[in-house]
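K.L.:
Numbering (my numbering), first residue to last: 176 to 635.
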């Protein structure tokens with residue numbers, strides 16, 4: 176295994192970078208498998224019993240690209256249940272997954288996530304063809320169950336591998352694997368369905384691609400520097416000096432969950448999640464059913480939106496680190512400013528999407544903005560967890576991400592109940608509700624946010 180040594184000639188590859196790359200790719204693969212149904216469902220289903228509600232937009236209907244494949248009659252409530260089923264497993268598995276990653280290591284948790292997600296993804300086409308939407312819900316819940324620990328495990332990995340001076344950049348880059356996964360997931364899936372005339376091929380493609388990560392992770396990914404057989408002594412000593420060696424302690428549940436700074440992270444992430452999960456899960460149906468774009472255009476527009484988010488997040492991370500390292504802002508003020516921009520601005524853009532109505536070009540612009548402007552959240556609320564704790568990063572991230580997903584849970588049912596008729600005014604009401612809820616949660620974060628390590632995390 177000499178070719179895997181840290182030193183290649185005179186070039187030394189820091190193993191904290193390798194850990195970050197592998198965590199990034201784990202998120203990318205998880206999101207491609209998790210999200211391919213969100214676009215594929217636009218070509219899988221049709222209205223049940225009668226034609227789907229007609230959009231008010233006076234434009235030519237989107238061409239049916241996959242006209243040779245059978246359509247399945249699912250009612251709006253069934254579609255909402257299928258799209259929400261992922262979160263039935265996703266929400267409750269965060270805390271157990273965070274605990275397992277803190278105690279037994281992030282590598283094991285990430286491996287289970289990707290392997291089980293591959294199994295579910297490859298089994299999905301057969302399940303749909305058999306006509307069992309209820310069994311599909313069970314499969315999606317299973318995928319949610321193993322993907323719930325994805326971000327807690329990643330936070331645990333970063334807390335043990337990344338020094339504080341690199342945390343905003345590394346954390347932002349790794350966590351935007353969700354956006355990169357969405358970029359490639361939507362773009363490639365749209366072209367596969369459009370040119371191969373098959374939505375089934377999407378699931379097989381992403382399932383097989385993800386197997387490559389499993390093989391690579393077996394040899395390249397380690398939960399912490401102490402267990403890595405090929406890390407250089409210099410890098411190991413630097414990480415011990417900068418991060419320390421975390422001790423395994425009993426979890427201070429009450430102190431952690433009643434801490435206003437921890438509650439702030441949870442609240443701020445709720446303000447983000449209600450928009451992000453809507454855009455990731457339900458927006459493809461809006462683009463098809465209301466704006467009347469076909470599946471290729473749908474995939475391209477979503478990919479552009481996530482590409483803009485990824486670019487903006489990278490820029491925001493550099494600026495955020497600069498404001499802290501050059502003492503332009505304290506950690507707390509920096510987190511506060513970037514969280515406000517990353518939550519309130521995209522909520523405003525999403526609300527404007529409803530107001531522009533059938534002006535399709537403007538609608539796409541506001542949709543892209545509502546996605547891209549979420550970028551500052553990743554160098555503020557997301558990494559704020561790492562400011563508060565180095566010993567319980569996985570567990571706290573579990574609560575933050577899990578409760579954030581819970582905030583999104585009612586949204587598909589609100590869509591079915593409020594905007595099921597595809598009327599522009601109905602969608603405006605829905606977007607206004609989401610704007611108000613997002614701003615409320617963000618206000619709590621702005622009041623209670625803190626930027627220093629908390630007392631309950633400190634070793635006596």
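Positions of the beta carbon are idealized from the N, C-alpha and C atoms, including for glycine.
Anyone know if the C-beta pair for residue 362 and residue 550 falls short of 8 Å?
P.N.:
One-based indexing of the chain shown puts residue 362 at position 187. One-based indexing of the chain shown puts residue 550 at position 375. No; because the gap between Cβ atoms is not below 8 Å, this pair is not in contact.
K.L.:
Below 7 Å CB to CB, which residues in the same chain sit around residue 256 once its five sequence neighbours on both sides are set aside?
P.N.:
To locate residue 256, count along the chain shown from 1; it is residue 81. Once the five neighbours on either side are set aside, the close Cβ partners of residue 256 are 312.
K.L.:
Taking its Cβ as the centre, do 16 or more other Cβ atoms sit within 10 Å of residue 412, making it buried, or is it exposed?
P.N.:
Residue numbering aside, residue 412 sits at position 237 when the chain shown is read from its first letter. Exposed: under 16 other Cβ atoms inside 10 Å.
K.L.:
In three-state terms, what does DSSP make of residue 190?
P.N.:
Along the chain shown, one-based indexing puts residue 190 at 15. Reduced to three states, the DSSP call for residue 190 is helix.
K.L.:
In angstroms, rounded to a whole number, what distance separates the CA positions of residue 593 and residue 203?
P.N.:
Position 418 of the chain shown, counted from the start, is the residue given in the question as residue 593. Position 28 of the chain shown, counted from the start, is the residue given in the question as residue 203. If I take the Cα positions, the gap works out to 33 Å.
K.L.:
Per DSSP, residue 220 is paired with what?
P.N.:
The count along the chain shown starts at 1 and reaches residue 220 at position 45. Beta-bridge pairing links residue 220 to 247.
K.L.:
Helix, strand or coil for residue 323, going by three-state DSSP, please let me know.
P.N.:
Numbered from its first residue, the chain shown carries residue 323 at position 148. The answer is coil: DSSP assigns residue 323 none of H, G, I, E or B.
K.L.:
When you compare each of 533, 466 and 561 to residue 510 by their alpha carbons, which one comes out closest?
P.N.:
Walking along the chain shown from the start, residue 510 turns up at place 335. For residue 510, the nearest C-alpha among the options comes from 561.
K.L.:
When the Cα of residue 343 is compared with those of 308, 425, 491 and 284, which residue comes out closest?
P.N.:
Taking the chain shown and counting its residues from 1, the one referred to as residue 343 is at position 168. Checked all of 308, 425, 491 and 284; the closest Cα to residue 343 is 491.
K.L.:
I'd like the list of long-range same chain contacts for residue 616, defined as Cβ closer than 7 Å, with 5 residues on each side in sequence excluded.
P.N.:
One-based indexing of the chain shown puts residue 616 at position 441. Hits under 7 Å: 442, 443, 445 and 446.
K.L.:
What would DSSP say about residue 535, mapped onto helix, strand or coil?
P.N.:
The residue given as residue 535 occupies position 360 in the chain shown. In this structure, residue 535 counts as helix in the three-state DSSP scheme.
K.L.:
List the whole-angstrom C-beta distance separating residue 200 from residue 352, where the pair is believed to meet the contact cut-off of C-beta under 8 Å.
P.N.:
Residue 200 sits at position 25 when you count from the first residue of the chain shown. Residue 352 sits at position 177 when you count from the first residue of the chain shown. Between residue 352 and residue 200 the Cβ distance is about 7 Å, and since that is below 8 Å, they are a contact.
K.L.:
Of all the options 397, 308 and 337, which has the alpha carbon lying nearest to the alpha carbon of residue 253?
P.N.:
Mapped onto the chain shown, residue 253 falls at position 78. Of the candidates 397, 308 and 337, the one whose C-alpha sits nearest the C-alpha of residue 253 is 308.
K.L.:
Suppose you measure from the CA of residue 606 to the CA of residue 590; what does that come to, to the nearest Å?
P.N.:
Locating residue 606 in the chain shown gives position 431, counting from the first residue. Locating residue 590 in the chain shown gives position 415, counting from the first residue. When rounded, the distance between both Cα atoms is 10 Å.
K.L.:
Is it right to say residue 622 is buried, meaning 16 or more other beta carbons lie within 10 angstroms of its own, or is it exposed?
P.N.:
One-based indexing of the chain shown puts residue 622 at position 447. Exposed.
K.L.:
Please classify residue 600 as buried or exposed, where buried requires at least 16 other C-beta atoms within 10 Å of its C-beta.
P.N.:
Here the question's residue 600 lines up with position 425 in the chain shown. By the neighbour-count rule (16 or more Cβ atoms within 10 Å), residue 600 is not buried but exposed.
K.L.:
Specify, as a first and last residue, the run of the alpha helix (DSSP H) that residue 360 falls within.
P.N.:
Here the question's residue 360 lines up with position 185 in the chain shown. Segment 352-371, the alpha helix (DSSP H) holding residue 360.
K.L.:
Report the option in 355, 268, 436 and 474 whose CA atom is closest to the CA atom of residue 370.
P.N.:
By 1-based counting over the chain shown, the position of residue 370 is 195. For the residues 355, 268, 436 and 474, the minimum Cα distance to residue 370 belongs to 474.
K.L.:
Suppose contacts are defined by Cβ-Cβ distances below 8 Å. Is residue 286 in contact with residue 389 by that definition?
P.N.:
If you number the chain shown from 1, residue 286 lands on position 111. If you number the chain shown from 1, residue 389 lands on position 214. Cβ distance < 8 Å, so residue 286 and residue 389 count as in contact.
K.L.:
In the structure shown, what three-state DSSP assignment does residue 549 receive?
P.N.:
One-based indexing of the chain shown puts residue 549 at position 374. If DSSP states are grouped into helix, strand and coil, residue 549 belongs with coil.
K.L.:
At 4 residues or longer, and completely inside the segment 443-472: list those alpha helix (DSSP H) runs for me, N to C.
P.N.:
You should have 458-464.
K.L.:
To the nearest angstrom, report how far apart residue 535 and residue 273 are at their CA atoms.
P.N.:
Taking the first residue of the chain shown as 1, we reach residue 535 at position 360. Taking the first residue of the chain shown as 1, we reach residue 273 at position 98. Distance between the alpha carbons of residue 535 and residue 273 is about 42 Å.
K.L.:
What do you get for residue 399, buried or exposed, if any count of 16 or more other CB atoms within 10 angstroms of its CB means buried?
P.N.:
As a first step, residue 399 is located in the chain shown; it is residue number 224 there, counting from the start. That one is buried.
K.L.:
Do you know whose CA, among 519, 563 and 372, lies nearest residue 218's CA?
P.N.:
If you number the chain shown from 1, residue 218 lands on position 43. Of 519, 563 and 372, the residue nearest in Cα terms is 372.
K.L.:
If you follow the alpha helix (DSSP H) that residue 282 is part of, which residue opens it and which one closes it?
P.N.:
Looking up residue 282 in the chain shown gives position 107. Counting along the chain, the alpha helix (DSSP H) containing residue 282 begins and ends at 281-304.
K.L.:
Would a C-beta distance cut-off of 8 Å place residue 328 and residue 569 closer than the cut-off?
P.N.:
On the chain shown, residue 328 is found 153 positions in, with the first residue counted as 1. On the chain shown, residue 569 is found 394 positions in, with the first residue counted as 1. Yes, the Cβ-Cβ distance between residue 328 and residue 569 is below 8 Å.
K.L.:
Please look up how many angstroms separate the CB atoms of residue 215 and residue 377, rounded, as I've assumed it's under 8 Å.
P.N.:
Here residue 215 is taken as the residue at index 40 of the chain shown, counted from 1. Here residue 377 is taken as the residue at index 202 of the chain shown, counted from 1. Between residue 377 and residue 215 the Cβ distance is about 5 Å, and since that is below 8 Å, they are a contact.
K.L.:
Secondary structure at residue 308, three-state DSSP: helix, strand or coil?
P.N.:
Start at 1 with the first residue of the chain shown, and residue 308 comes out as number 133. Three-state result, residue 308: helix.
K.L.:
What is the DSSP secondary structure of residue 504, counted as helix, strand or coil?
P.N.:
The count along the chain shown starts at 1 and reaches residue 504 at position 329. Three-state DSSP puts residue 504 in coil, outside helix and strand.
K.L.:
If contacts are defined as beta-carbon pairs under 8 Å, then residue 609 and residue 522 qualify, I think. What distance do you get, rounded to the angstrom?
P.N.:
Along the chain shown, read from residue 1 onward, the residue named residue 609 stands at position 434. Along the chain shown, read from residue 1 onward, the residue named residue 522 stands at position 347. About 7 Å; that satisfies the 8 Å criterion.
K.L.:
Are the beta-carbon atoms belonging to residue 405 and residue 190 less than 8 Å from one another?
P.N.:
Taking the first residue of the chain shown as position 1, residue 405 is located at position 230. Taking the first residue of the chain shown as position 1, residue 190 is located at position 15. Cβ distance < 8 Å, so residue 405 and residue 190 count as in contact.
K.L.:
Which value, in whole angstroms, describes the spacing of the CA atoms of residue 638 and residue 462?
P.N.:
Here the chain comprises residues numbered 176 to 635, so residue 638 is not present and cannot be evaluated.
K.L.:
Quick test of your reading: residue 564 and residue 629, contact by CB under 8 Å. State the CB separation rounded to the nearest angstrom.
P.N.:
In the chain shown, counting from the first residue as 1, residue 564 sits at position 389. In the chain shown, counting from the first residue as 1, residue 629 sits at position 454. Yes, residue 564 and residue 629 are in contact; Cβ-Cβ is about 6 Å, under 8 Å.
K.L.:
Return the CA-CA distance between residue 555 and residue 468, expressed in angstroms with no decimal places.
P.N.:
Here residue 555 corresponds to residue number 380 of the chain shown, with the count starting at 1. Here residue 468 corresponds to residue number 293 of the chain shown, with the count starting at 1. So the alpha carbons of these two residues sit roughly 35 Å apart.
K.L.:
Inspect the CB distances between the segment 315-322 and the segment 279-298 and report whether three or more fall short of 8 Å.
P.N.:
The segment 315-322, when compared against the segment 279-298, does touch it at the 8 Å Cβ threshold.
K.L.:
Excluding the 5 residues preceding and the 5 following residue 331 in the sequence, name in chain order all residues of the same chain whose CB lies nearer than 6 Å to its CB.
P.N.:
Mapped onto the chain shown, residue 331 falls at position 156. Answer for residue 331: 276, 277, 281, 568 and 569, listed in chain order.
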